[in-house]
Each structure stands twice: as structure tokens, then as C-alpha cells.
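If you count by mature numbering (1 follows the signal peptide of the UniProt record, and there is no 0), then the sequence shown holds residues -31 to -1, 1 to 418, one letter each, in order.
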Amino acid sequence: MKPRRLPYTSLLHLLSPSLFLCLLNWHSSWSKLDANSNVQKYTARASALESSLKNLGVEKLSKDEVQKMPWEILESKIGNWIHFMRIAVKLLFAGERQLCDQVFECSQSLRDKCFSAITKNSLATLLSFGEAIAMSKRSPEKLFVLLDMYEIMCELQTEIDTIFVGESCSQMRDSALSLTKCLAQTAQKTFSDFEEAVEKDATKNIHTDGTVHPLTSYVINYVKFLFDYQSTLKQLFQEFKREDGSGSELASVTMSIMQALQNNLDAKAKQYKDPALMHIFLMNNIHYIVKSVRRSEAKDLLGDDWIQRHRRIVQQNANQYRRVAWSKVLQCLSGQGLTSSGGSGQVGSEGGNSSGASRTAVKERFRSFNMQFEEIYQKQCGWSVPDSELRESLRLAVAEILLPAYRSFQKRFGPLIENSKAPGKYVKHTPEQLELFLGNLFEGKQERP
């Protein structure tokens, strides 16, 4: 599932009327305080701030609770956490700092200590959730939310440094920075895990029709989503001093993922017992990859050479399929082995007929062709080439080698059996009928000629 990337436009529109009223009450309570108030009153503001966060929806969750939470629920809570961090830093904490500065205008040390006492627990509650996510078990689907969390921490880092200024707040600044680095490290490891997981995916299930494997579509969609985070990933690579943080590193990683996918597909293809279907499977999957890359931002990073190289792989598998699947059928349409020294059943060369051909051998050759063609037809109608252009191209490639050979064979040897008993038993199809049959191949439906 593609992660939600909600742009920050205005914070106030994210608040319900009741929560907005809560913030007004929180602000109003500060107007009653002054520098002569008891310090206890200021530290009591910590509870008021925590209540404000609670009213927003912030929960205190232990690391164990986060670890055991179903992913669907956790993903939603992470999205909420990102909003809460924005609201807390840009509104609540910023407001507390501004008012502390106003009330304790004459004492930098006192206002820093007061601000630290008020916000310490609230910030810790927010950061602890982020830490629990960063320390949780890594999995590919978590990468995007980790990047979202890393983005928000990077976005807020300058404001955090400004708001939590002073020695009294140094530990809080360090905690925020530590979370940012932890998220970056976990995201980087998750990214590396994904490449390894793709190559080692041990899914035994392969479609009997040779269509695009679910792993292929999953990886391609994953890579597409990565390009929504290009700037974040560049920053991430820079964080770990991987090259220069430029697009070259993202291109290198993307190529590695694509190569891992291809290695896995090569291994999966070996599960097919029919070599022709194996080539259909590889052709389908590599074609899907190439077509998807050409329509995405990955095209610019991977480059034309990569695309052309993989298009050749598609063509090579298409050619191999045609050779493996149809070579025996084409052998039936060869004149080799049809001549006989006997006189019986022979015709002259008049009308394009082959001299010295045995009628019995010709009948057997037509019978063999019919049997093999019908077997291939029934089987390959059940195979699938989901891309319409590729499917039509493959049908035409088969027609280009089969139909001329059949026309030539029928013209040359057909007259031998025209006057024999039940000639339709041997010459069952016209070239036009064969062409219609070829139009049914690769639809993923069982058919009979």
C-alpha cells in the first residue's frame, strides 16, 4: 500500500472545534501567570500541556504495545504521530517557549529551566513512540513510514533546536536528534533488507499460465513509491556518507533491486517443466519491468542502455519460445524424408507436386502435424501474455514461421492425397483457419481447435 504523504499547509485546519477550544483555554491560562507566581504553578503547566496532547489524541504506548500492534493499526497511528509532532512543535511547544520568554524576560536561565520542566514529559511521550517504531522488527512495508517519520524530524529539527535552546534543554535536543538518526539508520537497514529479501524470496507458487509473478508487480510498485522520496533518500545516503548523496546512489540501489528481482525470476523460471512456458514466463516478467520503468521516474536514473538491454532479453526469450515450442511442428512441414524409390503412391512434379513422394509418408506427416498443432494449441491457449501488444506480437511471430511453411507443404504435397479416401482426415485445416487459431493463443483460456 502506498503511504499517505499529507502536505503541511496549515495546522489549525487539522484541529476539531473542541481541540481548538482546548488550545485557546491552554493559551488563556498563561495570561494569568507572571514572574512572581510560585514556581510550582509553572511546573503544573506540564500537566496542562500533557492534557492538551491527550485531547489531540496522543497516547502513551510502551514499546511492547507497539511491537504487538497489528500493522494496519500501527500504520494509522504513525500517520497521526506525524501530525501530532507538527502541532506539538509548531504550536504547543512554540507557544510555551514564547510565553516563558515573556514571563521570565529578565532571566534566561529561569525561563529555560521552566520551559524544560513544562515540556520534558510531553516531548518524551512523543519521541518514545518514534523510538519504538525505529526499534521494532524491520519489514519492507515499514520503509515508507520510516521515511515519513524521518522527513518530519528533519523538517522540525531547526525549530526544535531553536525552541529547546539552552543548557536545560540540551538533553531534549539530543533526544530528538538521536531519534532522527535512529530512524535514518533503521530506514537504511530496511532498504538493504529489501534488496536481499527480493533475491531470496522463496515463494514456491508459480502461475501455471506463465503470467507476471506477484513478486514482480510488488517490487516494481515498491520502486515506484521510492521515487516519491527521492530527496529524502538522497539525504539519507548523505547521512551515511554513501558517495555524494546524489542521484547516482539511488540509481545504483535501484539497479541492484532490479538485478535481485531478475535473479529471483530466473530461479523461479526453472520450476517450469515446459521450456517454452519458462521462456513465456521470463518474457512476460521482464517486459512488465521494462514497460513499468519506461513509464516512471526510474527511466531517467536507470538510463536508456538499461532499458535497451532488458528489451533485448524480452526479445531473446520470445525467440527462444518460438524455437522450442514450434520446431517439431515445423519439422512435420519439411519435405525431408518424404521421397521413395517405389512407384506406388507417387506423383510427378506437375502442379508443384514433389516427385518421388510417398503418399503414405505424406499422410503420416499431415497426421503428425495435426496432432502436434492441436496439442500445442490446446496447451498454449491456456497460457497468458497479459500485455496486449506483446501478445499480438508473439502471435504474429508464430504466424510468420508457421503459415508460409504450411502453405508451401500443402501446395506441394496436398495433391497426393486429394483423391485418396477421406482426404479431410489428413488436410484438416486451411492456412486461413490456422491463422484464426493462432489468434486465440495466450488468452489464458482452454480451447480446442
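Quick reminder that beta carbons are idealized off the backbone N, C-alpha and C, glycines included.
Looking only at DSSP bridge pairs, what is S353 linked to?
Paired residues: E412.
Runs of alpha helix (DSSP H) wholly within the segment 107 to 144 (minimum 4 residues, chain order):
Counting whole runs of 4 or more residues, the segment 107 to 144 contains the alpha helix (DSSP H) stretches 112 to 132.
Do you know how far the Cα of K297 is from the Cα of M340?
M340 and K297: Cα-Cα distance of roughly 11 angstroms.
Between which two residues does the alpha helix (DSSP H) holding N388 run?
Taken as a continuous stretch (DSSP letters only), N388 belongs to no alpha helix (DSSP H), as it is neither H nor E.
Below 8 angstroms between beta carbons: does that hold for V259 and V283?
Yes, Cβ-Cβ distance for V259 and V283 is below 8 angstroms.
Terminal residues of the alpha helix (DSSP H) in which A93 lies:
Its alpha helix (DSSP H) spans residues Q77 to M104.
Which residues in the same chain as N90 place their Cβ atom closer than 7 angstroms to its Cβ, once the five residues preceding and following it in sequence are excluded?
The answer, listed in chain order, is A15 and E19.
Do T149 and Y119 have their C-beta atoms within less than 8 angstroms of each other?
Against a cut-off of 8 angstroms, the Cβ pair of Y119 and T149 comes out as a contact.
Assigned secondary structure, A326 (DSSP; H/G/I helix, E/B strand, else coil):
Assignment of A326 by DSSP, reduced to helix, strand and coil, places it in the strand class.
Is the beta carbon of I132 sitting closer than 8 angstroms to the one on A145?
In this structure, I132 lies away from A145, with their beta-carbon atoms at least 8 angstroms apart.
To the nearest whole angstrom, what separates the beta carbons of Y241 and F250, a pair I think is in contact under 8 angstroms?
Right, their Cβ atoms sit about 6 angstroms apart.
If S265 sits next to F196, beta carbons under 8 angstroms apart, how far is it from one beta carbon to the other, in whole angstroms?
That pair is a contact at about 7 angstroms.
Does the beta carbon of C75 fall short of 7 angstroms from some heavy atom of the ligand COA?
What this structure holds is no ligand at all, so the ligand COA is not there to describe.
Between C301 and the rest of its own chain, which residues show a CB-CB distance below 6 angstroms, the 5 nearest in sequence each way excluded?
Around C301, the same chain offers R334, S337 and F338 as residues with beta carbons nearer than 6 angstroms, after the five sequence neighbours per side are excluded.
Check whether the Cβ atoms of L92 and M141 sit closer than 8 angstroms, and answer yes or no.
Between L92 and M141, the CB-CB gap stays under 8 angstroms.
Tell me the rounded alpha-carbon separation between L407 and T159.
If you take the alpha carbons of L407 and T159, they lie about 47 angstroms apart.
Between the segment 19 to 31 and the segment 52 to 59, are three or more C-beta pairs nearer than 8 angstroms?
Contact annotation: the segment 19 to 31 touches the segment 52 to 59, with at least three C-beta pairs closer than 8 angstroms.
Could you spell out where the alpha helix (DSSP H) holding E208 opens and where it closes?
Q199 to E208 is the extent of the alpha helix (DSSP H) around E208.
Can you grab the Cα-Cα spacing for the pair A153 / D243, in whole Å?
The alpha-carbon atoms of A153 and D243 are separated by roughly 46 angstroms.
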